[in-house]
Amino acid sequence: MSPKNTEPLSEIILKGVGVSPGVAVGEVVLFAHDKGASTVVDRSVSEEQIPLEIARFDEALIATHRQISEIQRKVASMLGEEHAGIFDAHLLVVDDRYFIEEVVRELREKKKNVESIISQVAGRYIEMLSKLEDDYLRERAADVRDVTRRIIENLAGEAVDRMDKIAQPCIVVATDFSPSDTAGIDRAMVHAFATDQGSATSHTAIMARALEVPAVVGLHDLTGQVRPGETVLVDGTRGVVIIRPTSERLLIYAQRAEEHKTILCELETLKDKPPETTDGYYVPIAANVGLPSDVERIGKYGAKVVGLFRTEFLFLEEDRLPDEEEQMQVYAQVADQCAPDNVVIRTLDMGGDKFSSALRIAPELNPFLGWRAIRFCLAHPDFFKIQLRAILRAGAGRNISMMYPMVSCLGEVLEANIILGECRRELQEEAIPFAENLRVGVMIEIPSAAITADLIAPHVDFFSIGTNDLIQYTLAVDRVNENVAYLYTPTHAAILKLISQVVRAGHAQHIPVSVCGEMAASPELVPLLIGLGVDELSISPPSVPMVKDVIRNLSYSDCRMLAKEALRSTSSAEILAQCRELLAKSSPEILELIS
Amino acid sequence: MAKLETIVREFEVENKYGIHARPAALLVKIAGKFSCDILIGKKGYEVSAKSIMGLLTIEGHQGAKLHVHAVGADAEEAMAEIAELFANKFFEE
Numbered sequence: 000m001s002p003k004n005t006e007p008l009s010e011i012i013l014k015g016v017g018v019s020p021g022v023a024v025g026e027v028v029l030f031a032h033d034k035g036a037s038t039v040v041d042r043s044v045s046e047e048q049i050p051l052e053i054a055r056f057d058e059a060l061i062a063t064h065r066q067i068s069e070i071q072r073k074v075a076s077m078l079g080e081e082h083a084g085i086f087d088a089h090l091l092v093v094d095d096r097y098f099i100e101e102v103v104r105e106l107r108e109k110k111k112n113v114e115s116i117i118s119q120v121a122g123r124y125i126e127m128l129s130k131l132e133d134d135y136l137r138e139r140a141a142d143v144r145d146v147t148r149r150i151i152e153n154l155a156g157e158a159v160d161r162m163d164k165i166a167q168p169c170i171v172v173a174t175d176f177s178p179s180d181t182a183g184i185d186r187a188m189v190h191a192f193a194t195d196q197g198s199a200t201s202h203t204a205i206m207a208r209a210l211e212v213p214a215v216v217g218l219h220d221l222t223g224q225v226r227p228g229e230t231v232l233v234d235g236t237r238g239v240v241i242i243r244p245t246s247e248r249l250l251i252y253a254q255r256a257e258e259h260k261t262i263l264c265e266l267e268t269l270k271d272k273p274p275e276t277t278d279g280y281y282v283p284i285a286a287n288v289g290l291p292s293d294v295e296r297i298g299k300y301g302a303k304v305v306g307l308f309r310t311e312f313l314f315l316e317e318d319r320l321p322d323e324e325e326q327m328q329v330y331a332q333v334a335d336q337c338a339p340d341n342v343v344i345r346t347l348d349m350g351g352d353k354f355s356s357a358l359r360i361a362p363e364l365n366p367f368l369g370w371r372a373i374r375f376c377l378a379h380p381d382f383f384k385i386q387l388r389a390i391l392r393a394g395a396g397r398n399i400s401m402m403y404p405m406v407s408c409l410g411e412v413l414e415a416n417i418i419l420g421e422c423r424r425e426l427q428e429e430a431i432p433f434a435e436n437l438r439v440g441v442m443i444e445i446p447s448a449a450i451t452a453d454l455i456a457p458h459v460d461f462f463s464i465g466t467n468d469l470i471q472y473t474l475a476v477d478r479v480n481e482n483v484a485y486l487y488t489p490t491h492a493a494i495l496k497l498i499s500q501v502v503r504a505g506h507a508q509h510i511p512v513s514v515c516g517e518m519a520a521s522p523e524l525v526p527l528l529i530g531l532g533v534d535e536l537s538i539s540p541p542s543v544p545m546v547k548d549v550i551r552n553l554s555y556s557d558c559r560m561l562a563k564e565a566l567r568s569t570s571s572a573e574i575l576a577q578c579r580e581l582l583a584k585s586s587p588e589i590l591e592l593i594s
Numbered sequence: 000m001a002k003l004e005t006i007v008r009e010f011e012v013e014n015k016y017g018i019h020a021r022p023a024a025l026l027v028k029i030a031g032k033f034s035c036d037i038l039i040g041k042k043g044y045e046v047s048a049k050s051i052m053g054l055l056t057i058e059g060h061q062g063a064k065l066h067v068h069a070v071g072a073d074a075e076e077a078m079a080e081i082a083e084l085f086a087n088k089f090f091e092e
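Protein chains in written order, with numbering that gives the first Met the number 0: chain H, 0 to 594; chain R, 0 to 92.
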């Protein structure tokens, strides 16, 4: 039925968004967390992919036939032949030449993936059956549904549904990843990520950077174009994925890899040099860290301080929450590794896209505007106290700070500080050592907090601007929705005004203001942030050498001028162009590397 | 070349639950043994007796009268076996 020995398929180049630099070549493993879900993805296929779809269909039919025969055999031996008879009918559905030809014919006509064609064709039969008048005959729809669902499941059955099942080096391809998908990942096995959806600031991107594996997102239909076991090349630096790369292509990449190594070696020499502008202005660079194991690697990139230590990884395990002792150990260990430098621990930022099953947060219609982070913690003070006590205890004799995420008003800060005060009192009564003068800051990532930063500043020790969320909330752009991702512009006048306002509010109270979003790792935007008066940049460790190189070639007065002009500009594109212009002047080779 | 035989007969479904999955499976298996085309159904709606998906969509409840239409070299043998199936109520009762 299917032309299995078609001529070799040609190389396909897909353009997406490169979100984590580097190049990897390997075999594809398809990842699908909703395996067997009732929703079937409907996507178009090109003329040359049709034989591929037919071959997939063929393989799924063979697998389905085998499974049903197996079930039939088991039922026959356990319950008797008469009960196994129904499976004869199921097997005949799998073998039904008319049905198969109908699917293949429609596949060629409509040029859609075989899953959607099967469900359309089967759907028509099911509809016809459900219109029959005889009750008993109408129930046959269930048989058709059962078999076609099994065929569709076998089509998706090539995918793995958990990262920890991956046991060989590979490139993981998926529609998208959720935070819990990426939790059990083995760095030695997963050499790169590539996804259909997502943007530069989606969770997949952040995770890939934390893991230091190359990643490209926003490839639209990659999952429909590759098959498990095929070779793909992921170029996270240029945002390109190449399916079935030719040997010429691989050679070019091998040469480039050599050149890249040379540049990285040059940047490596910056490791022990200070992040200081040509005119002597010092801009500390801190590291964003998502896993304790990442802390030991930050020094290698020339960072010392941890400006953002995410604690969500502690809460990703199913059906289990970490206790105070366990959390305390983790925080203390991280602080010891960084000593004498500071570690900023962010309290739990769960909810939204960072869903945890152990916390049983019901799915929300609008999770980004929902019950997450500090809101969730304030609603569960007993739960929140476990983390606060752990941080206070770890802070005894160690250089630890703490910040609250997702703060939208002063009230929340005051409420959180009251709970923190209770924790202090309890620990004192229990005669357990804790940090007496723990520095407490807030994340500024909601526009209302940015606008009222002057009201919040007197009650905290520092601000950390989370630009990813601040941009998405201010511009009302879902950063994961590829249809509106183009509106996600860090140089929007509103964003610059808010950052400037937060800096001024902070400095008026003599508290430092850092930026811990992706913006701080963008070489072209670093001069702008410095010019706006930001005191510290906190970024993913692998970005540190490049940002440090940028800073060391800048002059602070140029940055000030750039920011001054940007605040007057009416066009975000123009501001970006000015940023690039400055970078072209100060670090032309970096500008070339990133464009 | 063998001359094309065309045989048309009408049967009444006698088994209690009509042509549900198991009887349909029997019919497909028998029809599949022959090279002739076999269509089954009512006026205006006929499906191949070799396709279980098609067979399931016909209104084959108890008492229904179905046309069977066989065209091909071995149409006569095919029709004989199908007749036996209907006469024996698809070996159900």
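Ideal Cβ positions, reconstructed from N, Cα and C, are used throughout, including at glycine. The structure displayed is predicted, hence computed values, not measured ones.
Thinking residue i and residue j are a contact (beta carbons under 8 Å), I'd like their distance in whole angstroms, please.
i, j, result
"residue 466(H)", "residue 574(H)", "Actually they are not in contact, since the Cβ atoms of residue 466(H) and residue 574(H) sit about 15 Å apart, beyond 8 Å."
"residue 515(H)", "residue 287(H)", "6 Å"
"residue 334(H)", "residue 417(H)", "Contact flag wrong, Cβ pair sits at about 25 Å."
"residue 544(H)", "residue 211(H)", "That belief does not hold up - the Cβ atoms of residue 544(H) and residue 211(H) are roughly 13 Å apart, past 8 Å."
"residue 460(H)", "residue 438(H)", "4 Å"
"residue 478(H)", "residue 198(H)", "5 Å"
Sort out for me which residues DSSP pairs residue i with in a bridge.
i, result
"residue 440(H)", "402(H) and 461(H)"
"residue 307(H)", "287(H)"
"residue 111(H)", "43(H)"
"residue 148(H)", "According to DSSP, residue 148(H) bridges with nothing at all."
"residue 363(H)", "None, per the DSSP bridge assignment."
"residue 63(H)", "According to DSSP, residue 63(H) bridges with nothing at all."
"residue 73(R)", "Per DSSP, none; premise fails for residue 73(R)."
"residue 68(R)", "7(R) and 38(R)"
"residue 28(H)", "171(H)"
"residue 216(H)", "16(H)"
"residue 234(H)", "22(H) and 239(H)"
"residue 281(H)", "275(H)"
"residue 536(H)", "284(H) and 514(H)"
Have a look at residue i and residue j and give me their C-alpha separation to the nearest angstrom.
i, j, result
"residue 472(H)", "residue 126(H)", "44 Å"
"residue 77(H)", "residue 67(H)", "15 Å"
"residue 548(H)", "residue 301(H)", "11 Å"
"residue 352(H)", "residue 371(H)", "In this prediction, residue 352(H) has a pLDDT of 47, which is less than 50 and means its spatial position is unreliable; nothing more can be read from the coordinates."
"residue 11(R)", "residue 40(R)", "11 Å"
"residue 521(H)", "residue 564(H)", "19 Å"
"residue 570(H)", "residue 498(H)", "17 Å"
"residue 462(H)", "residue 444(H)", "10 Å"
"residue 523(H)", "residue 582(H)", "6 Å"
"residue 337(H)", "residue 307(H)", "13 Å"
"residue 329(H)", "residue 166(H)", "28 Å"
"residue 10(H)", "residue 289(H)", "36 Å"
"residue 20(R)", "residue 139(H)", "7 Å"
"residue 314(H)", "residue 321(H)", "7 Å"
"residue 108(H)", "residue 57(R)", "26 Å"
"residue 4(R)", "residue 76(R)", "11 Å"
"residue 46(R)", "residue 35(R)", "14 Å"
Where does residue i land, buried or exposed, given buried means 16+ other C-beta within 10 angstroms?
i, result
"residue 21(H)", "buried"
"residue 348(H)", "buried"
"residue 382(H)", "exposed"
"residue 223(H)", "buried"
"residue 65(H)", "exposed"
"residue 284(H)", "buried"
"residue 394(H)", "buried"
"residue 124(H)", "buried"
"residue 264(H)", "exposed"
"residue 14(H)", "exposed"
Should residue i be listed as close to the ligand NAP, given that the test is whether its C-beta is under 7 Å from any heavy atom?
i, result
"residue 253(H)", "Absence of the ligand NAP is noted for the structure shown, with no ligands found whatsoever."
- prompt: Mind listing which residues of the segment 69–93 of chain H have their C-beta closer than 7 Å to chain R's C-betas, in chain order?
  reply: Of all residues in the segment 69–93 of chain H, only 84, 85, 87, 88, 91 and 92 come within less than 7 Å of chain R when Cβ atoms are compared, listed by chain position.
- request: For the segment 48–64 of chain H, enumerate the residues whose C-beta is nearer than 7 Å to any C-beta of chain R, in chain order.
  value: Residues passing the 7 Å Cβ filter: none.
Where the segment 134–168 of chain H meets chain R: residues whose CB sits under 7 Å from a CB there: Those would be 135, 136, 139, 142 and 143, in chain order.
- request: Please list the residues of the segment 21–32 of chain R that have a C-beta atom closer than 7 Å to any C-beta atom in chain H, keeping them in chain order.
  value: Residues of the segment 21–32 of chain R with a C-beta atom less than 7 Å from some C-beta of chain H are 21, 23, 24 and 27, listed in chain order.
task: Output, in sequence order along the chain, the residues in the segment 528–550 of chain H whose CB is closer than 8 Å to any CB in chain R.
output: Per Cβ criterion, the list is empty.
query: Relative to chain H, which residues along the segment 59–87 of chain R have a C-beta separation below 9 Å, given in chain order?
result: If the cut-off is 9 Å between Cβ atoms, the segment 59–87 of chain R has 59, 60, 61 and 63 near chain H.
- request: Taking a Cβ distance cut-off of 7 Å, strictly less, list which residues of the segment 103–129 of chain H are near chain R, in chain order.
  value: Result list: 124, 127 and 128.
- prompt: For the segment 47–58 of chain R, which residues have a CB atom closer than 8 Å to at least one CB atom of chain H, in sequence order?
  reply: Hits within the stretch, in order: 47, 49, 50, 51, 52, 53, 55, 56 and 58.
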